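Protein chains in written order, with the numbering used here: chain A, 1 to 268; chain B, 1001 to 1268. In this text, a Cβ means the ideal position worked out from N, Cα and C, and glycines have one as well. None of these values were measured; they are calculated from a predicted model. Just below is one structure, and these are the notes that go with it.
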């Protein structure tokens, strides 16, 4: 079931990294395909990490990808160019106030966006407005509170907690995955279906150890080192130990994380 | 794929409860079937909750079910009688010192047992001894640290923590699911494969809300109320609030728990 996926650079090493990325891509996206001719909105596309996946998996769909950051869209356009894909239009727009008429899109897709918002309800309401009756909304989010590992130390727990607390301090919610169902059901979407997408890593799955544990999760946690230490959430020594403890699971322990994927319909 | 499953009582209500039980049964056991004529050991069968499932799903296998508690075996025999199943022999035995010669069984099955043991390695070594080379060991365990919910309160977290701490105080490990891989790989089993079996519950899954959240998980936590309060782990008011908070997720929030199933082979 593996399919070729062209990122535009093809040395052996990048091929290996692509294999790893595909593992997570399959887990999250294998069941998202839009019909040829359908109009799809990707809200909050950032630098296009998900856009290339959408464009590749639904080559006949007309995808409109919006983000509020013009710089990100420049990067996204570069990414898409390498894919030689003509089915994506990029547009600068605020997801809470979209420049589209009501009922414009057959489908709306939003991935790793709601976690950053103070009021995700506002964006969801706007996405619902531009979605046509009977159209589908797909939401993918993580939940950092779903993480655990073995061995699990106090320091390892603390560094992950820093990431959650920093997100909360910024008005976001790193635990949003677990509340996708009540969030969507509470906003008059129909037929809300949420399914966990579980990452389980042990030494029998080296591609996941490198591709997810080290290069996705630990890299993401490591990215807030400065903010966590300078913000007084943790001291530098504990931080270092926590990251080392997370890394120490690779090759001998286990690593656990759950994403959530929701699909809901706008009532007809 | 639903199959009829006769527990021996058949009012409407028990039928509903059986449906719920089957949901979890399918999740944990759907891929365990033993060939006709094969010799299977169930180690630590208790009152036979899993034995009836094994006997039903592998009607041609010869199952030997052992437990150290004679009283439990009496209950297990009663359960099996209702199934009208002739393929199970019960025997009182200590899993750390089994009355069987080396290499006797084609397969060994152990479910919800290792979590209670101070030295699960000792029992695994004994199970390995009575397993024939090339034979399979199947282990199913939970991991209470995998639990989370929405809404999640401090009191809800604390009552679950009490269960984990009581298990630890008794020498067990309620977080054993996450370490099945290193445990088995470290004991010279081959081809160790561990897969998470994830329970995700939201209001679109009412059978899981009743069958798992309320009647399995919250019931299990509630069972240690006396021990937790009398043992000074928590005060009675916080305990009550924690249980109420867990119950409050039903009908509006979400509930998350992960079991782990491992299959490994004895080297030939």
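* **Residue of A:97, A:134, A:144 minimising C-alpha distance to residue 121 of chain A** => A:97
* Span of the beta strand (DSSP E) holding residue 1138 of chain B? -> That run of the beta strand (DSSP E) goes 1131-1150.
* Please check if any C-beta of chain A sits within less than 7 Å of the C-beta of residue 1197 of chain B. => no
* Hey, is the region 1059-1070 of chain B in contact with the region 1086-1097 of chain B, meaning 3+ C-beta pairs nearer than 8 Å? -> yes
* Asked: Are residue 1176 of chain B and residue 1213 of chain B closer than 7 Å when you measure CB to CB?
  -> no
* **Nonlocal neighbours in the same chain, by C-beta distance under 6 Å from residue 103 of chain A, ignoring five residues either side** => 132
* Asked: Who does residue 261 of chain A pair with in a DSSP beta bridge?
  -> A:140, A:195
* Mind checking if residue 52 of chain A is an interface residue toward chain B, Cβ cutoff 7 Å exclusive? -> no
* Asked: Any residues in the region 1131-1162 of chain B with a beta carbon nearer than 9 Å to a beta carbon of chain A? Which ones, in chain order?
  -> 1143, 1145, 1146, 1148, 1149, 1150, 1151, 1152
* Cα-Cα, which of B:1172, B:1059, B:1028, B:1145 is closest to residue 1159 of chain B? -> Distance from the Cα of residue 1159 of chain B is smallest, within the candidate group B:1172, B:1059, B:1028, B:1145, for B:1145.
* With a cut-off of 7 Å, does the C-beta of residue 179 of chain A fall near any C-beta of chain B? -> yes
* Where does the unbroken alpha helix (DSSP H) through residue 1053 of chain B begin, and where does it stop? -> It spans 1051-1057 - the alpha helix (DSSP H) in which residue 1053 of chain B sits, taken as one unbroken run.
* chain B contact for residue 23 of chain A (CB, 7 Å cutoff) -> No, its Cβ sits nowhere closer than 7 Å to a Cβ of chain B.
* Closer than 7 Å by beta-carbon distance: list the chain A residues that pair up with residue 1253 of chain B, in chain order. => 182
* Taking a Cβ distance cut-off of 8 Å, strictly less, list which residues of the region 1184-1218 of chain B are near chain A, in chain order. => 1185, 1192, 1193, 1194, 1195, 1196, 1198, 1200, 1202, 1203, 1204
* To do: Look up residue 1063 of chain B in the DSSP assignment and give the residues it is bridged to.
  => DSSP lists B:1040, B:1088 as the beta-bridge partner residues of residue 1063 of chain B.
* Around the Cβ of residue 32 of chain A, are there at least 16 other Cβ atoms within 10 angstroms (buried) or fewer (exposed)? -> buried
* Where residue 171 of chain A and residue 1125 of chain B are concerned, what is the direct C-alpha to C-alpha distance, given to the nearest angstrom? -> Computed Cα separation, rounded: 51 Å.
* Can you grab the Cα-Cα spacing for the pair residue 1003 of chain B / residue 1056 of chain B, in whole Å? => Any reading at residue 1003 of chain B must be qualified, since the residue scores a pLDDT of 32, below 50, and its modelled position is unreliable; no value is offered.
* Opening and closing residue of the alpha helix (DSSP H) in which residue 71 of chain A lies -> That run of the alpha helix (DSSP H) goes 70-83.
* **Cβ neighbours of residue 1037 of chain B in the same chain (closer than 7 Å, five flanking residues each side left out)** => Non-local beta-carbon contacts of residue 1037 of chain B in its own chain, meaning distances under 7 Å to residues more than five positions away in sequence, involve 1060 in chain order.
* To do: For residue 256 of chain A, go through chain B and note every residue whose CB falls closer than 8 Å to its CB, in chain order.
  => 1146, 1178, 1196, 1258
* Look up residue 97 of chain A in the DSSP assignment and give the residues it is bridged to. => A:94
* Taking residue 1045 of chain B as part of the alpha helix (DSSP H), name the residues at either end of that continuous run. => Per DSSP, residue 1045 of chain B belongs to no alpha helix (DSSP H) and is neither H nor E.
* Local Cβ density within 10 Å of residue 235 of chain A, reported as buried at 16 or more and exposed below that -> exposed
* **DSSP three-state assignment for residue 106 of chain A, whether helix, strand or coil** => strand
* **Beta-carbon proximity list for residue 1227 of chain B, same chain, < 7 Å, skipping 5 on both sides** => The beta carbon of residue 1227 of chain B lies closer than 7 Å to those of 1166 in the same chain, with the five residues before and after it left out.
* Asked: Apart from the five residues on each side of it in sequence, which residues of its chain come closer than 7 Å, Cβ to Cβ, to residue 218 of chain A?
  -> Hits under 7 Å: 243, 246, 247.
* Enumerate in chain order the residues of its own chain whose CB-to-CB distance from residue 73 of chain A is below 7 Å, with the five nearest sequence positions on each side excluded. => Cβ neighbours of residue 73 of chain A beyond the five flanking positions: 67, 90, 92.
* Asked: Helix, strand or coil: which one does DSSP assign to residue 1153 of chain B?
  -> Assigned with DSSP and collapsed to three states, residue 1153 of chain B falls in coil, not helix or strand.
* To do: Pull up the distance between the alpha-carbon of residue 168 of chain A and that of residue 1078 of chain B, whole angstroms please.
  => 54 Å
* Tell me residue 1256 of chain B's beta-bridge partners as DSSP assigns them. => B:1148, B:1200
* Asked: Can you pull the DSSP bridge partners for residue 190 of chain A?
  -> For residue 190 of chain A, which the question treats as bridged, DSSP gives the partners A:265.
* Can you check whether the CB of residue 100 of chain A is closer than 7 Å to the CB of residue 130 of chain A? -> yes
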